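Undergrad: Just so we're aligned, residue 1 is where the sequence shown starts under the UniProt record's numbering, counting upward by one.
Just so it is clear, CB atoms sit at the ideal spot from N, CA and C, and this is done for glycine as well.
Just so we're clear, the structure is a prediction, and the values are computed from it rather than from any experiment.
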Amino acid sequence: MNVGDERTVSLWASVNVAPDAVPLTRDEQVDVVVVGSGIAGLSVAYELALAGQRVAVIDRGSIGSGMTARTTAHLTSICDDYFSELIALRGRQLARLFYESQSAAIDHIQAVQETEAIACDFRRLPGFLFPSSAGQDGTLERELDAARQIGIAVERTDGLPFEGFSTTPALRYAGQATFHPLKYLQGLAAGIQRRGGALYSDTVVEKVEETSGGVRMTTASGFVVTGIWAVVATNSPINDRVAIHTKQAPYRTYAMSFEIRAGIIADGLYWDTEDPYHYVRLQPGGGERHFLVVGGEDHKTGAVDDAEERFANLTAWSRRLIPDLGAETHRWSGQVMETTDYVGFIGRNPGNERVFVVTGDSGEGMTHGVVAALLIRDVIVNGSSSWQELYEPSRKTTRAIGDYLRENATAIRNFAEYIAPGELDSVEKLGPGEGAIVREGLTKIAAFRDEDGTLYKRSASCTHIGCHVHWNSLERCWDCPCHGSHFAVDGTALNGPAVFPLAGLV
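#1: According to DSSP, simplified to helix, strand and coil, what is Tyr456?
#2: Pull up the CB-CB distance for Ile63 and Ser37, whole angstroms please, since I reckon it's below 8 angstroms.
#3: So the beta strand (DSSP E) Ser257 belongs to, where does it begin and stop?
#4: So His468 and Ser485 are in contact, right, with Cβ under 8 angstroms, and what is the actual spacing, rounded?
#5: Rounded to a whole number of angstroms, what is the C-alpha to C-alpha distance between Ala447 and Gly351?
#6: Figure out for me which residue from Gly466, Glu475, Ala493, Ile228 has the closest Cα to the Cα of Leu242.
#7: If we ignore side chains and look at the alpha-carbon of each, how far apart do Ala327 and Phe258 end up?
#8: Within a Cβ cutoff of 7 angstroms, which residues of the same chain sit near Ala147, ignoring the five residues on either side of it in sequence?
#9: Count the CB pairs spanning the segment 62-76 and the segment 84-93 that are closer than 8 angstroms, and state whether there are at least three.
#10: What's the gap between the Cα of Ala198 and the Cα of Ala372?
#11: Given a threshold of 16 other Cβ atoms within 10 Å of its Cβ, counted over all protein chains shown, does Thr167 qualify as buried or as exposed?
#12: From Gly491 to Trp471, what does the alpha carbon distance come to, in whole angstroms?
#13: Given that a residue counts as buried once 16 or more other Cβ atoms are within 10 Å of its Cβ, and exposed if not, what is Glu428?
#14: Can at least three beta-carbon pairs, one atom from the segment 201-217 and one from the segment 39-49, be found at a separation below 8 angstroms?
#15: Taking all protein chains shown into account, decide if Asn382 is buried (16 or more other Cβ within 10 angstroms of its Cβ) or exposed.
#16: If you draw a straight line from the C-alpha of Trp229 to the C-alpha of Gly369, how long is it?
#17: Could you name the residues that DSSP lists as bridge partners for Pro284?
#18: Are the segment 388-395 and the segment 62-81 touching, with three or more C-beta to C-beta distances below 8 angstroms?
#19: Return the chain-ordered ranges of every beta strand (DSSP E) run that is complete within the UniProt domain "Rieske" (422-506) and spans a minimum of 3 residues.
#20: In three-state DSSP terms, what is Asp5?
#21: Check whether the segment 168-179 touches the segment 19-28, counting contact only when three or more Cβ pairs, one atom from each stretch, lie closer than 8 angstroms.
#22: Are residue 520 and Pro497 touching if we call contact CB-CB under 8 angstroms?
#23: In angstroms with no decimal places, state the Cα-to-Cα distance between Gly504 and Lys444.
#24: Assuming the contact rule is C-beta atoms closer than 8 angstroms, Trp332 and Ala255 should be a hit. Round their C-beta distance to whole Å, please.
#25: Indicate the three-state DSSP secondary structure (helix, strand or coil) for Tyr82 in the structure shown.
#26: What span of residues does the beta strand (DSSP E) with Thr208 cover, start to end?
#27: The alpha helix (DSSP H) that contains Tyr184, what's its start and end?
#28: Compute the distance between the beta-carbons of Thr72 and Gly295, then report whether it is under 8 angstroms.
#29: Using alpha carbons as the reference points, say which of Val232, Ser236, Val204 lies closest to Ser221.
#30: Using the Cα positions of Leu140 and Leu129, report the straight-line distance between them to the nearest angstrom.
#31: Would you mind working out which of Ile380, Ser103, Lys207 sits nearest Ala51, comparing C-alpha positions?
#32: Using DSSP with H/G/I as helix, E/B as strand and the rest coil, what is Trp12?
#33: Starting from the C-beta of Ala174, find all residues in its chain whose C-beta is less than 7 angstroms away, skip the five residues before and the five after it, and write them out in chain order.
#34: Could you tell me whether the Cβ atoms of Leu292 and Leu325 are closer together than 8 angstroms?
#35: Buried or exposed: which applies to Pro481, given that a residue is buried once 16 or more other Cβ atoms fall within 10 Å of its Cβ?
#36: To the nearest angstrom, report how far apart Val224 and Met217 are at their CA atoms.
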């Protein structure tokens, strides 16, 4: 998340994806300019570089330091929100296409890491869906039926390698996988550079324009990048106000890693049927030292500020299933964008011909990012992709109208907060390391006091469309509940769709 005051560190953070990347210091002209250097941005750039395109990748922070650095790195072709739900919303044919495209993404990751000799711990694994509480077997039956409707290879099995789960029913999906996400990005970055691509870090793109026959990107430093095509591959798009944002919602998700001895549980991907659900897998650490990576406890961004409780729940869930679990080693959080019909938005940005967008990972950002690379490559190089209809950014899924209305009610409630009292009636009541919303006259202030007593006061109005930001004490940043923007304590924009900092105060 590129948070200025990093309070959490992911298991992957020790890998520097592109140590030689530098800020943009001149105007640049390329074939394709990509904004965002997570798995979507770097995968798109890699595929187009392979196709002979001159590519430049621009990121507001370090290359690979965004949400891909905060994943749990499950590579699964199974719909995160259930195939039974996806069939009800989009029909069997498109649900089948979803499975095929996500499977193709896993196959492609395997092929790329072999071709580029990327030592990223990639391995094929079975995935298991299981009920961790009594009375949830009905979900398994629905998903078994849905899988059979669209031709997915799945089998019902009994018994999991967890305490008290020796006879628990589960669905076993073959052909899933996992890897070390930043080692993979490191390999992609090197592959892009070997093929003449440029990587620019610490460069803020403020404006994306489509011109006659091309695109133009303007950066905060005043430099301009022009090209034939543009791809906006930020967590939440920075290039429009509402075309995409009203059809998806930001959710904060949590992850932890623990030491675990080899052989305690079988290597695989495991996810339960709880709401919010939990998911777990292993990560090799060298020799006999391994890590258990667990995630879940999602909630709407900015809805609550209770990270310690979320981590406590993850810890309790993990140790209940695996009593011999070792010490905690890392904890972190990230953000996923949930679309109203559970499928990402990948393709031409609504209203544009030469600007593409990648967003709406719906909990499957690793595979969605690679699907984006294959889809956009095919459209640019060949003129079309067989997956365009499924991922079309301008689509309207009428059967998802209920979710659409519920998610957009957040913005309506949020604007009402401007007339409410502040959380504190004076900044003088802020203790060291604390942030809060304070009312000063007619203005709502996002205030934070550092340990050394330095006081930061910024407008509480998000610079995307003006929603009221909320304090995130875990990451020490300001989160926008409406569309997922994040801001550092000094107001710097950390995550889209906002590109400009929170306003200073006179």
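TA: So, from the listed chains and residues:
#1: Within the sequence shown, the letter at position 456 stands for residue 456. The answer is strand: DSSP assigns Tyr456 an E or B state.
#2: Here the question's residue 63 lines up with position 63 in the sequence shown. Here the question's residue 37 lines up with position 37 in the sequence shown. Contact flag correct, Cβ pair sits at about 4 angstroms.
#3: Taking the sequence shown and counting its residues from 1, one reaches residue 257 at position 257. From DSSP, the beta strand (DSSP E) with Ser257 extends over 248-261.
#4: Walking along the sequence shown from the start, residue 468 turns up at place 468. Walking along the sequence shown from the start, residue 485 turns up at place 485. About 12 angstroms separates the two Cβ atoms, so there is no contact after all.
#5: The count along the sequence shown starts at 1 and reaches residue 447 at position 447. The count along the sequence shown starts at 1 and reaches residue 351 at position 351. Looking at the two C-alpha atoms, the distance is approximately 38 angstroms.
#6: Here residue 242 corresponds to residue number 242 of the sequence shown, with the count starting at 1. The question names Leu, yet the displayed sequence has Val at residue 242. Answer by Cα proximity: Gly466.
#7: Within the sequence shown, residue 327 is the residue found at index 327, counting from 1. Within the sequence shown, residue 258 is the residue found at index 258, counting from 1. Whole-angstrom Cα-Cα distance: 5 angstroms.
#8: Within the sequence shown, numbered from 1, the residue matching residue 147 stands at position 147. Counting only Cβ-Cβ distances below 7 angstroms, and skipping sequence neighbours, we find Phe83, Val154.
#9: no
#10: Sequence index remark: in the sequence shown, residue 198 carries index 198 (1-based). Sequence index remark: in the sequence shown, residue 372 carries index 372 (1-based). Spanning the two alpha carbons is a distance of roughly 20 angstroms.
#11: For the purposes of this step, residue 167 is taken as residue 167 along the sequence shown, with counting starting at 1. With fewer than 16 Cβ atoms within 10 Å of its Cβ, Thr167 is classed as exposed.
#12: On the sequence shown, residue 491 is found 491 positions in, with the first residue counted as 1. On the sequence shown, residue 471 is found 471 positions in, with the first residue counted as 1. Gly491 and Trp471: Cα-Cα distance of roughly 12 angstroms.
#13: Numbered from its first residue, the sequence shown carries residue 428 at position 428. Its Cβ having fewer than 16 others within 10 Å, Glu428 is exposed.
#14: no
#15: Along the sequence shown, read from residue 1 onward, the residue named residue 382 stands at position 382. Flag for Asn382 reads exposed.
#16: Position 229 of the sequence shown, counted from the first residue, corresponds to residue 229. Position 369 of the sequence shown, counted from the first residue, corresponds to residue 369. When rounded, the distance between both Cα atoms is 18 angstroms.
#17: Looking up residue 284 in the sequence shown gives position 284. His290.
#18: no
#19: 434-440, 443-449, 455-459, 470-472, 477-479, 493-495
#20: To locate residue 5, count along the sequence shown from 1; it is residue 5. Caution applies to Asp5, whose pLDDT of 44 falls short of 50 and renders its modelled position unreliable; the value that the coordinates give is listed next. Asp5: coil per DSSP, three-state reduction.
#21: Result no; under three Cβ-Cβ pairs closer than 8 angstroms.
#22: A query on residue 520 cannot be resolved here, the shown segment of the chain reaching from 1 to 506 and no further.
#23: Counting from 1 along the sequence shown, the entry for residue 504 is found at position 504. Counting from 1 along the sequence shown, the entry for residue 444 is found at position 444. Approximately 12 angstroms between the Cα atoms of the pair.
#24: Start at 1 with the first residue of the sequence shown, and residue 332 comes out as number 332. Start at 1 with the first residue of the sequence shown, and residue 255 comes out as number 255. In this structure Trp332 touches Ala255 by the C-beta definition: roughly 5 angstroms separates them, less than 8 angstroms.
#25: On the sequence shown, residue 82 is found 82 positions in, with the first residue counted as 1. Tyr82 falls in the coil class under three-state DSSP.
#26: Along the sequence shown, one-based indexing puts residue 208 at 208. A quick correction: the sequence has Val, not Thr, at residue 208. Start and end: 205-211.
#27: Start at 1 with the first residue of the sequence shown, and residue 184 comes out as number 184. Taken as a continuous stretch (DSSP letters only), the alpha helix (DSSP H) holding Tyr184 covers 181-194.
#28: Working through the sequence shown from its first residue, we reach residue 72 at position 72. Working through the sequence shown from its first residue, we reach residue 295 at position 295. Taking 8 angstroms as the Cβ cut-off, Thr72 and Gly295 qualify as a contacting pair.
#29: Start at 1 with the first residue of the sequence shown, and residue 221 comes out as number 221. Comparing Cα-Cα distances from Ser221 to each of Val232, Ser236, Val204, the minimum goes to Val204.
#30: Numbered from its first residue, the sequence shown carries residue 140 at position 140. Numbered from its first residue, the sequence shown carries residue 129 at position 129. Taking the straight line joining both Cα atoms gives about 8 angstroms.
#31: Locating residue 51 in the sequence shown gives position 51, counting from the first residue. Checked all of Ile380, Ser103, Lys207; the closest Cα to Ala51 is Ile380.
#32: Translated into positions along the sequence shown, residue 12 becomes position 12. It is coil, neither helix nor strand.
#33: Residue mapping note: residue 174 aligns to position 174 of the sequence shown, counting from 1. Once the five neighbours on either side are set aside, the close Cβ partners of Ala174 are Pro126, Ala153.
#34: For the purposes of this step, residue 292 is taken as residue 292 along the sequence shown, with counting starting at 1. For the purposes of this step, residue 325 is taken as residue 325 along the sequence shown, with counting starting at 1. The answer is yes: Cβ separation under 8 angstroms.
#35: One-based indexing of the sequence shown puts residue 481 at position 481. Burial call: buried.
#36: For the purposes of this step, residue 224 is identified with residue 224 of the sequence shown, where counting begins at 1. For the purposes of this step, residue 217 is identified with residue 217 of the sequence shown, where counting begins at 1. Roughly 6 angstroms separates the two Cα atoms.
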